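Working notes for the structure below.
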Amino acid sequence: MSKHLKISVIILVLFVIYAPSCVDEQAIVMHEEAVLNETRNEIRTEFETEYLTEAYLFAYEITAKQKLTDFVDYLHIITDTSLDESFREKAGEMIQNTFLSENVTLQLVQHKDDPSGKINVRRLIQLGLKNKQLLPPFSIKSIVVNEPLHRTGNTTYAGSLKFSQVFTGSAQSNKSMNTMDRTADIYINKEEKIFGADTLKIWNVRLGDIR
Numbered sequence: 010m011s012k013h014l015k016i017s018v019i020i021l022v023l024f025v026i027y028a029p030s031c032v033d034e035q036a037i038v039m040h041e042e043a044v045l046n047e048t049r050n051e052i053r054t055e056f057e058t059e060y061l062t063e064a065y066l067f068a069y070e071i072t073a074k075q076k077l078t079d080f081v082d083y084l085h086i087i088t089d090t091s092l093d094e095s096f097r098e099k100a101g102e103m104i105q106n107t108f109l110s111e112n113v114t115l116q117l118v119q120h121k122d123d124p125s126g127k128i129n130v131r132r133l134i135q136l137g138l139k140n141k142q143l144l145p146p147f148s149i150k151s152i153v154v155n156e157p158l159h160r161t162g163n164t165t166y167a168g169s170l171k172f173s174q175v176f177t178g179s180a181q182s183n184k185s186m187n188t189m190d191r192t193a194d195i196y197i198n199k200e201e202k203i204f205g206a207d208t209l210k211i212w213n214v215r216l217g218d219i220r
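Under the working numbering, read the sequence shown as residues 10 to 220, first letter to last.
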């Protein structure tokens, strides 16, 4: 066998050994599709379930507590005139996404029985972005579940949180002026979410009225 023929044979053998065959490529594609379908089915099973277990409800209650804390942080951002307007507008979007709707009523003034102290989410965001927010500085603490989440309809769960709203003398002061006990309604509803080419109806927790 000539030298050139030997080299040609060796190259051919290496190509056969290391080059992926059509069968291998097809197997890889089929495997990837199987994994994708399995993942999609797991998502559907986990998020599109018709009934939530106690473990899921407990997890959503924790999420609701975090959303309440985040809301106060977003409120501080939206009223901070030293920040760029784009950050404040984004905070307004986050506040709106935190609640069940923009018409949810919030009672956040120091005098709990003052009817003029009620404001809906839409108006709260508008005033904040226009530098007309009249709420004094405050923080929240001691968030606990007041009414555990329970099923109220085919696609709805409801409950409530209790927390303390602590007013301070100024934005720079941590001295407490007044503390109000508040209640925040919480809801879990099914909402449409887009995952790639699929649209799934999944459970999502949002805040309701604060009083």
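Where a beta carbon is used, it is the ideal one built from N, C-alpha and C, also for glycine. These figures come from a predicted structure and were not determined experimentally.
Looking at the unbroken beta strand (DSSP E) that takes in residue i, where does it start and where does it end?
{"i": "Thr165", "result": "165-177"}
{"i": "Lys161", "result": "Checking the sequence shown, residue 161 turns out to be Thr, not Lys. Counting along the chain, the beta strand (DSSP E) containing Thr161 begins and ends at 147-162."}
{"i": "Thr208", "result": "207-219"}
Between the Cα of residue i and the Cα atoms of the options, which residue gives the shortest distance?
{"i": "Val81", "options": "Thr208, Leu115, Ile211", "result": "Leu115"}
{"i": "Asp190", "options": "Glu63, Lys210, Ile87, Asn155", "result": "Asn155"}
{"i": "Ala167", "options": "Leu138, Leu144, Ile197", "result": "Ile197"}
{"i": "Arg132", "options": "Glu63, Gly101, Thr107, Lys199", "result": "Gly101"}
{"i": "Ala73", "options": "Ile195, Ile219, Asp207", "result": "Ile195"}
{"i": "Asn140", "options": "Asp207, Leu84, Gln75, Glu201", "result": "Leu84"}
{"i": "Pro146", "options": "Thr88, Glu111, Phe108", "result": "Thr88"}
{"i": "Ala64", "options": "Arg97, Pro157, Asp218, Lys99", "result": "Pro157"}
{"i": "Met199", "options": "Asp93, Arg215, Leu77", "result": "It is worth fixing the name first, because residue 199 is Lys in this sequence and not Met. Checking every option, the nearest Cα to that of Lys199 belongs to Arg215."}
{"i": "Trp212", "options": "Met39, Ile37, Leu66, Ser95", "result": "Leu66"}
Bridge partners for residue i per DSSP, in chain order?
{"i": "Thr188", "result": "Val175"}
{"i": "Glu201", "result": "Lys210"}
{"i": "Asp196", "result": "The amino acid at residue 196 is misidentified as Asp; the sequence shows Tyr. Ala167, Arg215, per the DSSP bridge assignment."}
Is residue i near the ligand SAM, going by C-beta to nearest heavy atom under 7 Å?
{"i": "Ile134", "result": "For the ligand SAM, the structure offers nothing, since it holds no ligand at all."}
Note the first and the last residue of the continuous alpha helix (DSSP H) segment covering residue i.
{"i": "Gln82", "result": "Contrary to the premise, residue 82 reads as Asp rather than Gln in this sequence. Where Asp82 is concerned, the enclosing alpha helix (DSSP H) stretches over 63-87."}
Every unbroken alpha helix (DSSP H) within the stretch 92-142, with a cutoff of 4 residues, ordered by chain: 94-107, 130-138
Could you say if the stretch 168-175 and the stretch 139-157 meet the contact criterion of at least three C-beta pairs nearer than 8 Å? yes
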